[in-house]
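The numbering of the sequence shown is the numbering used here, which starts it at 360 and goes up by one. Just so you know, even glycine gets a beta-carbon here, dropped at the ideal spot from N, CA and C.
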Amino acid sequence: MKVSPITLVATVLGASCPAISFMPKASFHTRTNAPSKTFLNMAVPKSDSYSITLLPGDGIGPEITAATKEVLGTLCDRYGFKMDLKEALIGGAAIDAKNDPFPDESLEQCRNSDSVLLACIGGYKWDNNPRELRPETGLLKMRKEMGLFANLRPAKVLPQLIEASTLKKEIVEGVDVMVVRELTGDVYFGTPKGIDVVDGERVGYNNMIYSESEIERIARVAGDVASKRNGKLCSVDKANVLDVSQLWRDVVIEVMTKEFPDVELSHMYVDNAAMQLIRWPKQFDTIVCGNIFGDILSDEASMLVGSLGMLPSASIGESGPGVFEPCHGSAPDIAGNDMANPLAMILSAAMMLRYDLERPDEALLLETAVEAALDQGLRTADIKQDGDGCKLVGCAEMGKTVADLVSKIDLPEAIAV
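Here it is, written out as structure tokens:
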């Protein structure tokens with residue numbers, strides 16, 4: 360394990376912690392000779408036919424799902440393979456139909472699929488339901504039952520949208536960060552938990568807990584990802600005050616030293632990391648963190664690009680299908696008004712093609728088509744800027760444009776791996 364040079368020392372709450380150095384990443388379309396994935400195994404080998412479960416969910420979910428289906432249909436026509444797209448229930452829609460946020464039949468359909476594409480869940484309608492009847496409970500159940508322990512969230516600033524970021528151009532230009540978040544442990548799943556009455560008052564508690572094996576497997580995924588990017592990994596914890604974070608740090612060091620000696624490893628406290636993502640995001644390449652820290656930091660990192668509507672994610676396990684979904688929520692305020700941005704779900708489909716279905720060419724074509732649509736000056740409301748000279752379009756038109764581009768644009772010569 361190499362120790363990265365100290366390029367910045369920031370003092371937060373009296374504690375100094377080095378940030379990792381930054382090396383410019385190769386362009387998006389650069390060919391790499393990286394070896395096949397070691398810990399990110401394909402769910403299925405390349406095939407002429409795939410079974411895909413679609414989970415439209417709630418709010419704008421059905422709209423962005425419809426746009427993505429159109430794009431995938433065009434892609435299949437061009438490349439001569441088939442996708443059997445079957446919908447299932449999750450979230451509020453499942454609660455309304457089955458009184459269960461993730462019914463057993465939905466779980467079984469997902470398990471028996473080659474991959475899963477999820478839109479979004481949640482909405483005001485179900486906010487006051489008991490915990491077991493909230494949409495988010497279904498999402499947690501899906502992650503746990505399908506063993507989706509690793510969440511990959513890329514945050515890449517596209518040159519077409521650099522003005523959409525709330526940060527200065529010189530801060531965000533060239534940002535390309537991958538957040539690897541542990542997804543099935545930590546305080547969200549730890550027990551005991553609950554709300555009890557103690558000495559006449561209510562007391563709420565949760566258990567922030569990690570086993571050594573849980574940390575080892577996410578560290579391996581992060582090391583694998585980092586080794587195929589710029590070879591740099593920043594592990595985020597709170598080891599100065601939390602015992603569970605001290606174990607996290609110790610195990611990450613052990614895994615990286617033994618299994619990824621060529622990856623430069625650094626450590627950062629979570630409060631410092633939150634500040635540095637805004638102050639100097641280009642210092643980061645790959646970040647690994649626990650569930651709750653990753654939940655917060657990945658959302659923060661996503662806003663570097665200007666909109667959650669542009670960001671995909673992948674949730675994967677040691678075997679079986681992964682779940683691919685946009686980072687944004689269900690946006691119930693605009694649901695049904697053709698105002699949603701479908702690009703994050705289309706890019707999530709690209710991640711599905713790359714990580715689960717062994718079709719990197721097709722993944723690259725989708726990503727290229729999304730950028731081409733932006734190059735044409737098309738913008739949905741979330742990425743439209745006053746005076747930018749771009750055309751405001753709805754969800755359906757943006758999806759149709761990307762589908763049209765998929766049918767006719769040339770695939771870049773290089774393959775993104």
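Determine which residues share a DSSP beta bridge with residue i and list them.
i	result
G416	C479
E446	L413
D596	Y628
N487	BP columns for N487 are empty, so no partner.
D555	V562
A699	Answer is none; A699 lacks a bridge partner.
K428	DSSP output for K428 lists no bridge partner at all.
N510	R540 and S674
E618	Paired residues: none, contrary to the question.
L737	K750
D535	K515
C469	BP columns for C469 are empty, so no partner.
Shortest alpha-carbon distance to residue i belongs to which of the options?
i	options	result
N589	I646, G482 and G416	I646
Y628	P640, K597 and G688	K597
A514	G681, H687, R738 and L764	H687
F643	I651, P518, D658 and S625	S625
R512	T433, T427, Y714 and L764	Y714
G695	L737, E422, T727 and D747	E422
A509	D602, E677, Q605 and L476	E677
L517	G549, E684, G506 and D535	D535
D769	K428, Y438 and I411	Y438
V614	A632, A447 and V580	V580
D621	D602, V603, L592 and L606	L592
K484	G665, L476, R493 and A732	R493
V729	I637, T760 and M710	T760
N566	I554, I577 and S524	I554
Q605	C648, G432, G451 and Q735	C648
S586	G451, F619, E529 and V600	F619
L712	V664, M442, A578 and A426	M442
S472	M505, S572, R718 and K743	M505
A425	D436, L444 and K552	L444
R638	V531, Y564 and L716	V531
Counting C-beta neighbours from all protein chains within 10 Å, is the total for residue i 16 or more, i.e. buried, or is it exposed?
i	result
D583	buried
R540	buried
S408	exposed
Q635	buried
V556	exposed
S406	exposed
L414	buried
L723	buried
M382	In this predicted model, M382 has a pLDDT of only 29, less than 50, meaning its place in the structure is not dependable enough to derive any value.
L448	buried
A456	exposed
V562	exposed
V308	In the structure as shown, the chain starts at 360 and stops at 776, and residue 308 therefore has no counterpart that could be examined.
K428	buried
R502	buried
D741	buried
G748	exposed
G668	buried
V682	buried
N392	Confidence is the limiting factor: at N392 the pLDDT is only 32, short of 50, which leaves the residue's position unreliable and the question unanswerable from this model.
R490	exposed
E529	exposed
N700	buried
G420	buried
V600	exposed
E560	exposed
S657	buried
Would you check if the distance between the CB atom of residue i and the CB atom of residue j is smaller than 7 Å?
i	j	result
S465	P680	no
G482	D417	yes
I480	L498	yes
N631	G544	no
V610	F652	no
A660	V538	yes
C754	D697	yes
E721	L477	no
L733	V752	no
P462	A452	no
K641	G533	yes
Check whether the Cβ of residue i lies closer than 7 Å to any Cβ atom in chain B.
i	result
V546	The structure shown has no chain B; it contains just one protein chain.
Which whole-angstrom value is the C-beta distance of residue i and residue j, which I expect to be below 8 Å?
i	j	result
L702	M757	7 Å
G549	I574	Not confirmed; about 14 Å, so no contact.
L542	S674	6 Å
P460	T496	5 Å
L725	V546	Wrong, their Cβ atoms sit about 35 Å apart, outside the cutoff.
S666	P685	So it is not a contact: roughly 11 Å between Cβ atoms.
N771	M710	The sequence as given places Pro at residue 771; Asn does not occur at that position. Incorrect: roughly 17 Å between the Cβ atoms, too far for contact.
S524	V664	6 Å
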